[in-house]
Each structure stands twice: as C-alpha cells, then as structure tokens.
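For reference, each letter of the sequence shown is one residue, going 12 to 283 in this note's numbering.
To keep things clear, I will list the structure first and then write my remarks on it.
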Amino acid sequence: MLSTTLKFPYNKLMKFLLLFFLFACSIGRFFIGSLDTYVTSKTADRLQLYTKQETALGLDIEKLFNQVKPQIKIIEQNLKTLRAKSSLQLEKELVDSSISEFVIAYNLGVELVNKYNQQMTEKQYGLFMKDYKKKLEKKQKKHNLKRYKKIVPKKFEDIFGELRKDQTEFLKNNAQVFLNWSKRRFLQEDVHYKSLVVAQSKADLKERNELVDKAYKTLQNSVDEDFKNHLNAVIKVINQFLQTLNDSQRSELNEKVDLALGIMEAFINHRY
12 MLSTTLKFPY NKLMKFLLLF FLFACSIGRF FIGSLDTYVT SKTADRLQLY TKQETALGLD
72 IEKLFNQVKP QIKIIEQNLK TLRAKSSLQL EKELVDSSIS EFVIAYNLGV ELVNKYNQQM
132 TEKQYGLFMK DYKKKLEKKQ KKHNLKRYKK IVPKKFEDIF GELRKDQTEF LKNNAQVFLN
192 WSKRRFLQED VHYKSLVVAQ SKADLKERNE LVDKAYKTLQ NSVDEDFKNH LNAVIKVINQ
252 FLQTLNDSQR SELNEKVDLA LGIMEAFINH RY
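Structure follows, in structure tokens:
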C-alpha cells in the first residue's frame, strides 16, 4: 500500500476496479500474514530509509493496515453484493461507495509516505528523487496506444480467461480509454514530482517540509477528484465488456471474485 501508494501510479490501468482480482491472482490469501513485512521492505527501499527508520515504518504500516480495515470491509461487502446479482454490471451506487472507501484508504497511505518524506536527510531526499525521476521517465515511455492495444486484452484475459476474437477487438478499439486514464494519473504524479523538486531546492528544513506537505495534500486532492469524477469512461467500457461474457468466462470471473473475497476476509481478520 505504501510503496504501491506512490507507485499507484504503478498499475493504473484498471486500478481500483480490478485491484483485488489481480491481487488474488498474484499473492494469495496465505501471504496476508507477512504482507506488512513485505510492504515495509519495499517502501523502505523506495524511500531510501535507514534501519532505524525502517523499524519505525514497520510499526506504522501495521497501524495503517488495521486502520484501513473498515474501508476494506465495505469494499468486500460491495463486491459480495455484486457477486450475488444475476446481471453483470458495475452498478454506480456500489462503485461510487467502493471508490470513496478506496480513496480514504489510499490517502491514509499517502499521509504515511508524507511523514517519512519529511524525515529524510538531504542525502536520502536526493536518492529518492533520483529514483522517482527514473520511474516517471520509464512510465512515460509506456504511454503509447500500440502498447495498450496489447496489454489491455492481456489484463482482461488474466481475469476472465481466454478471450474471443470479437472481445479482443473490442478492447483494442477501446484501449485509448484506458490510456487516457493512465495519462491523467501520470500527469498528476508528474505535478507531484515537480513540487517535490521545488521543495528539495530549499535549504531551510522547515520551508522544505512545508512544501513537501503541500505537495502530498495536492496529490491526495487529485486522487479524490480523478477517481470520483473521471473514471466513468473506464467503467462504461468494462460494463460493455461484461455483457459479452460466455458461461466459461463468467465462471472464471466468479472464481477470481471468490478468491478476492477470501483474501479481503483474511486481511480483515488478521491482526497486524
């Protein structure tokens, strides 16, 4: 969540809507117990933290995981409601509710990254920003329609199983929608990076940290705005695709949903 928080930036293609399906495929419920350790290690590497800072971060991440359980529980219930319905549609009321809870959890993670960013030494800050710049440059190169016409069908196939030719063509024809969404989030992240560059230039620590804090609050506002007001085109494409599923694909989807629900339940019940 943290390292994935600043990266979110990191798999923005389906972001929230497909997050738990992909999570179900890649990690599994038995990893839940050590998830805090994994996130701590990845985040400490990303933020260039020293051992003492990493130890403190581990405790903060444990608190964060327990803190976001109410949000995960609501998302879990919404997914159960969708699972029980005969019609395969991401209904606006349930989607809006889940997005609101997701944004709350996401922004709690951002607050924690903000906290440790302000504790960085000048050397740590420099290394962090150098790494951040490289990641943004690498990400920007991936923003081309040809690539998205390949990866969008692949992402859907990971969830629904083998696609028919007409489904693949439909997703290719709508790849621009997902690319536009990814570009939008990238631009917000680029603004965030440039704000941190300005903060880095300040010799006065208090002034630097005030600008760092402002940069993260702006990032939080952009997340709230984008997910609540600019995701409709993506949802529309997903709903149209859902209407094309055959029985085998529905069964594949239900298995993924059930596994995702099991993971969320394990996360909620595990005490970090």
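Even for Gly, the Cβ is constructed at its ideal location relative to N, Cα and C.
If you're wondering where the values come from, they're calculated on a predicted model, not measured in any experiment.
DSSP three-state call for D297: helix, strand or coil?
-> This structure cannot speak to residue 297, because the chain is shown only from 12 to 283.
8 Å contact criterion, which L138 and Q59 should meet: CB distance rounded = 4 Å
Keeping to the same chain, check which residues put their C-beta closer than 8 Å to that of V114; ignore five residues upstream and five downstream.
-> V234, D235, F238 and K239
Give every residue of the same chain whose Cβ lies closer than 6 Å to the Cβ of T229, excluding the five residues on either side of it in the sequence, and list them in chain order.
-> none
Could you give the DSSP three-state label for R94: helix, strand or coil?
-> Three-state result, R94: helix.
Under the rule that 16 or more other beta-carbon atoms within 10 Å means buried, what is Y127, buried or exposed?
-> Residue environment: Y127 is assigned as buried (16 or more neighbouring CB atoms within 10 Å of its CB, all protein chains considered).
Taking Cβ positions, are Q135 and V223 nearer each other than 7 Å?
-> The answer is no: Cβ separation not under 7 Å.
Is V163 near F197, with beta carbons less than 7 Å apart?
-> no
At a cut of 8 Å, does the segment 84 to 97 reach the segment 145 to 165 through at least three beta carbon pairs?
-> no
Residues near L174 by beta carbon distance below 7 Å, same chain, minus five either side = Within the same chain, L174 has close Cβ partners P164, F167 and E168.
What do you get for Q151, buried or exposed, if any count of 16 or more other CB atoms within 10 angstroms of its CB means buried?
-> exposed
Mark K267 as exposed unless 16 or more other C-beta atoms lie within 10 angstroms of its C-beta, in which case mark it buried.
-> Classification of K267: buried, given that the 10 Å Cβ count is 16 or more.
Own chain, CB closer than 7 Å to E65, minus 5 neighbours either side, in chain order | For E65, where only same-chain residues beyond five positions count, the Cβ hits under 7 Å are T51 and A55.
What is the DSSP secondary structure of L46, counted as helix, strand or coil?
-> The DSSP-derived three-state label of L46 is helix.
Can you say whether D47 is buried or exposed, counting buried as having 16 or more other CB atoms within 10 angstroms of its CB?
-> buried
K176 to H241, Cα distance in whole Å?
-> 29 Å
Status (buried if at least 16 other CB within 10 Å, exposed otherwise) for V121 | Buried: at least 16 other Cβ atoms inside 10 Å.
In angstroms with no decimal places, state the Cα-to-Cα distance between R57 and D142.
-> 8 Å
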